[in-house]
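Written out below as structure tokens is the structure these notes cover.
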Amino acid sequence: MKTGKKVLLGMSGGVDSSVAAILLQKEGYEVYGVTLKLWEGEEQESTCCNLEATLDAKRVCDQLGIPHYTMNAKEQFNEHVIQDFICQYKNCRTPNPCIECNKYLKFGYMYQKAKELEIDYLATGHYAKMEYSEEYGRYVLKKANNIEKDQSYVLYSMPKELLGKVVFPLANMESKEEIRKVAREHNLQVANKPDSEDICFIPDGDYKKFLEENSNLRAKEGNIVNLKGEILGKHQGLYRYTIGQRKGLGIAYSEPLFVIGFKPEKNQLIVGTEKEIYQKEMLVNQINFLLIDQLESPMKVMVKTRYSSKEYPAIIEMVQEDTIKVTFDEEVSRITPGQSAVFYIDDMVLGGGKII
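First residue of the sequence shown: 0, per numbering that gives the first Met the number 0; consecutive thereafter.
Next up, the structure:
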């Protein structure tokens with residue numbers, strides 16, 4: 000029990016964060032709900048950050064007797080998430096905006112607000128665990144019980160100072176149905192509310208249109224080439240493609256071709272066969288360690304290269320002050336610059352960084 004401990008809970012108006020509020024109350028926390036207003040236009044379009052979602056969060060708080068705050072974080076969201084999203088695509092990289100949002104908004108802006116309000120803890124509806132490890136002498140970020148729903152991958156970038164100050168009430172929930180059951184037992188209107196799967200600021204899923212409407216990126220035709228430099232076709236703008244993409248290339252060839260790289264200085268899209276999308280090594284920078292303070296010698300870990308990918312065994316070693324070389328036991332496909340590589344020791348998050 001955490002009797003007398005205050006917690007600031009990020010609430011999206013969905014069933015996960017709503018049930019998180021119930022579980023926190025049961026654990027004895029004094030809960031304060033907060034909904035962040037993140038971007039212009041969300042009131043009309045977004046499936047998870049619109050006005051209805053904010054009202055849903057407020058209704059849940061009213062029902063549970065919890066104070067609810069709405070905070071304007073649009074400027075921070077634009078700077079750290081939307082502009083980064085645009086910049087990454089301009090530089091032929093594929094970003095994960097949820098990771099930036101967690102780092103700068105949920106565990107940045109929201110943490111500062113918690114301190115201003117003299118609130119001890121932060122909480123979110125993520126599927127992950129925060130537990131104290133006697134072996135490492137610190138709080139550690141771990142995978143959730145429900146591995147299929149585990150979100151520890153998108154949490155690796157949280158500031159180390161928040162270890163032990165973040166609570167994940169859904170850590171031990173085994174299924175979404177179990178969460179919905181708790182919501183129904185407490186008569187919450189959001190009990191059967193569908194999950195949002197989209198990028199919140201691109202509710203229609205058309206990221207190419209978003210980039211064109213919110214930046215100076217425009218379709219600029221160029222050559223599609225193979226590793227030998229042979230021209231195989233034309234592309235419609237490098238930002239429209241991502242590593243591993245097969246569909247939409249418009250090339251007739253003797254075997255399937257995939258996007259394997261870019262040459263922006265020549266406006267070329269590089270394609271290759273399935274064999275050529277595999278790599279044995281990669282470099283990672285912008286490192287954030289959670290389990291250790293620094294990597295002093297090569298270490299055997301499991302590595303996840305995308306949120307939806309499986310983990311791969313590898314050796315990691317520092318090769319520069321902020322750069323790690325990852326050497327996989329076996330070749331791995333679709334290594335994508337801009338995505339995050341997250342390192343695991345058993346079920347604990349060692350840390351991670353951005354794929355170069």
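Don't be surprised by glycine CBs; every beta carbon is placed ideally from N, CA and C.
Report, in whole angstroms, the separation of the C-beta atoms of residue i and residue j, which I expect to be a contact under 8 Å.
{"i": "L210", "j": "I85", "result": "6 Å"}
{"i": "H79", "j": "E99", "result": "6 Å"}
{"i": "R374", "j": "I276", "result": "Examination of residue 374 is not possible in this model, given that the chain is present from 0 through 355 alone."}
{"i": "V270", "j": "N225", "result": "6 Å"}
{"i": "L106", "j": "P168", "result": "It is Phe, not Leu, that sits at residue 106 in the sequence shown. Their Cβ separation, rounded to whole angstroms, is 16 Å, which puts F106 and P168 out of contact at 8 Å."}
{"i": "T34", "j": "T69", "result": "5 Å"}
Under 7 Å Cβ to Cβ from residue i, same chain only, skipping five residues before and after it: list those, please.
{"i": "G350", "result": "Y155, I286, N287, F288, L289, L290 and F342"}
{"i": "R92", "result": "P336 and G337"}
{"i": "R137", "result": "L162"}
{"i": "P96", "result": "V80, F84 and I198"}
{"i": "K102", "result": "S156 and M157"}
{"i": "A313", "result": "V300, V302, V325, T326, F327 and D328"}
{"i": "K164", "result": "Y120 and L121"}
{"i": "D346", "result": "K141 and K142"}
{"i": "Y135", "result": "L290"}
{"i": "F257", "result": "G243, Q244, R245, V270, G271, E273 and I276"}
{"i": "P263", "result": "C91 and L237"}
With DSSP as the reference, identify every bridge partner of residue i, one or two as the case may be.
{"i": "T241", "result": "Answer is none; T241 lacks a bridge partner."}
{"i": "S35", "result": "In the sequence as displayed, the identity of residue 35 is Leu instead of Ser. Looking at the DSSP assignment, L35 forms a beta bridge with M70."}
{"i": "Y131", "result": "Y138"}
{"i": "F76", "result": "None; F76 has no bridge partner."}
{"i": "P312", "result": "M301"}
{"i": "S414", "result": "Residue 414 is absent from the model: the chain starts at 0 and stops at 355."}
{"i": "K381", "result": "Look at the range of the chain in this structure, 0 to 355, and you will see that residue 381 is not part of it."}
{"i": "N222", "result": "K233"}
{"i": "V258", "result": "V270"}
{"i": "M317", "result": "I323"}
{"i": "A122", "result": "L8 and V166"}
{"i": "Y277", "result": "S332"}
{"i": "M347", "result": "K141 and I344"}
{"i": "E29", "result": "K5"}
So, using beta-carbon positions, are residue i and residue j closer together than 8 Å?
{"i": "K279", "j": "E330", "result": "yes"}
{"i": "N144", "j": "E176", "result": "no"}
{"i": "L7", "j": "L121", "result": "yes"}
{"i": "G32", "j": "A52", "result": "no"}
{"i": "K219", "j": "G232", "result": "no"}
{"i": "Y238", "j": "L216", "result": "yes"}
{"i": "S151", "j": "L140", "result": "yes"}
{"i": "L294", "j": "I355", "result": "no"}
{"i": "G352", "j": "N284", "result": "yes"}
{"i": "M129", "j": "V166", "result": "yes"}
{"i": "N77", "j": "K36", "result": "no"}
{"i": "Q75", "j": "Y110", "result": "no"}
{"i": "K73", "j": "W38", "result": "yes"}
{"i": "Q24", "j": "L63", "result": "yes"}
Leaving aside the five residues before and after residue i along the sequence, list all residues of the same chain whose C-beta is less than 6 Å from its C-beta, in chain order.
{"i": "K5", "result": "E29, I118 and D119"}
{"i": "H234", "result": "G221, I223 and L268"}
{"i": "A113", "result": "L7 and L121"}
{"i": "C60", "result": "G32 and H67"}
{"i": "S214", "result": "I85"}
{"i": "L22", "result": "P168"}
{"i": "M10", "result": "S16, G32, T34 and A56"}
{"i": "A127", "result": "A143, Q150, S151, L154 and F167"}
{"i": "P94", "result": "F84, Q87 and G337"}
{"i": "N266", "result": "G221"}
{"i": "I230", "result": "N222 and V224"}
{"i": "Y306", "result": "Y152"}
{"i": "N171", "result": "N144"}
Which same chain residues, not among the five before or five after residue i, have their C-beta less than 8 Å away from its C-beta?
{"i": "G13", "result": "C47, A52, D55, G124, V189, K192, D194 and S195"}
{"i": "P255", "result": "R245, T272 and E273"}
{"i": "I146", "result": "none"}
{"i": "G204", "result": "D197 and I198"}
{"i": "S253", "result": "none"}
Cβ contact check for the region 110-122 and the region 230-248: 3 or more pairs under 8 Å: By the Cβ test, the region 110-122 is not in contact with the region 230-248, since fewer than three Cβ pairs between them sit closer than 8 Å.
For the region 5-24 against the region 174-190, do three or more pairs of beta-carbon atoms, one drawn from each stretch, fall closer than 8 Å, so that the two count as touching? As far as the Cβ criterion goes, the region 5-24 touches the region 174-190, which means the pair count is three or higher.
Could you tell me whether the region 166-185 touches the region 199-217, using the rule of 3 or more Cβ pairs below 8 Å? No: fewer than three Cβ pairs fall under 8 Å.
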